[in-house]
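For reference, each letter of the first sequence is one residue, going 1433 to 1622 in my numbering.
Cβ atoms here follow ideal geometry from the backbone N, Cα and C, with glycine treated the same way.
A short worksheet on the structure shown next.
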Amino acid sequence: MEDACETQLSLALATPSRPSAHCHRRLQPRASPKSLEGGRRPVICDEEEDSDARKKIRLTREQSAMLEIRFRCQSNLTPKQKQALAKQLNLQPRQVEVWFQNRRARKKLKQTEMDCEFLKRCYEVLSKENQMLQKELQEMKALKPTQFPAAGLSICPTCGKIAGGDDDAAAPATPKTDHFRNPFSHSEAR
DNA sequence: TCCGTCAATGTGTACG
DNA sequence: CGTACACATTGACGGA
């Protein structure tokens, strides 16, 4: 797996891309947390005296593609791997590190959005089922007791469940109708 | 001009 | 205590 990844990377790197014109900015080692009061912007590039702090740099298309390929194989890098990849891509190791951190965050965000969508759909399904069951219950309540399918059955006034009968206590876990399916236990539910 | 994206920064925390 | 990471946030930039 790693090998395939390396191959892809070296293939992609075979067509050398120009180092980005904008990525020569020297990255700062992380400022000491206490060094900034009010919290903002240390931004000092030791070698450049341009006053405007934190110019936006963008990775080249190739660099991003390489990082993406590597990320698909491996979402965390060892320090050695980070170093090597940075060298390959003509970036600072810190840039590679930051890219991977941000990429993991993006991945997680996307996953959360998908989970949210899934839960929404589950809610809709359950909501519909609940409505149907309520309706069914009303209909059953409207029937005369003699018309209940099995003798000795009664409906719990609070929860609306059918109680009594021979199998009530013995086998509570076997639902008789499809209504009791738990959508969260489906195999599709990752 | 507003808004989304993304590289970069700051902070908190877990771990060895 | 140092390191690595997650997470929140900032700010530059580009497109509508």
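Using a threshold of 9 Å, state whether the C-beta atoms of residue i and residue j are closer than that.
| i | j | result |
| --- | --- | --- |
| residue 1503 | residue 1532 | yes |
| residue 1507 | residue 1542 | no |
| residue 1521 | residue 1495 | yes |
| residue 1529 | residue 1514 | yes |
| residue 1516 | residue 1524 | no |
Mapping DSSP to helix, strand and coil, what is residue i?
| i | result |
| --- | --- |
| residue 1488 | coil |
| residue 1559 | helix |
| residue 1496 | helix |
| residue 1501 | helix |
| residue 1524 | coil |
| residue 1508 | coil |
| residue 1541 | helix |
From residue i to residue j, what distance separates their C-alpha atoms?
| i | j | result |
| --- | --- | --- |
| residue 1566 | residue 1558 | 12 Å |
| residue 1547 | residue 1509 | 27 Å |
| residue 1488 | residue 1511 | 26 Å |
| residue 1634 | residue 1553 | No statement about residue 1634 is possible, as the shown extent of the chain runs from 1433 to 1622 and does not include it. |
| residue 1569 | residue 1561 | 12 Å |
| residue 1505 | residue 1571 | 57 Å |
Can you have a look at residue i and say buried or exposed, based on whether 16 or more other CB atoms are within 10 angstroms of its CB?
| i | result |
| --- | --- |
| residue 1527 | buried |
| residue 1575 | exposed |
| residue 1498 | buried |
| residue 1478 | Per-residue confidence for residue 1478 stands at a pLDDT of 38, beneath the threshold of 50, marking its modelled position as unreliable; the derived number appears in the next sentence. Residue 1478 comes out exposed. |
Following a CB-centred definition, is residue i positioned closer than 8 Å to any heavy atom of the ligand ATP?
| i | result |
| --- | --- |
| residue 1519 | No copy of the ligand ATP occurs in the structure displayed, which carries no ligand at all. |
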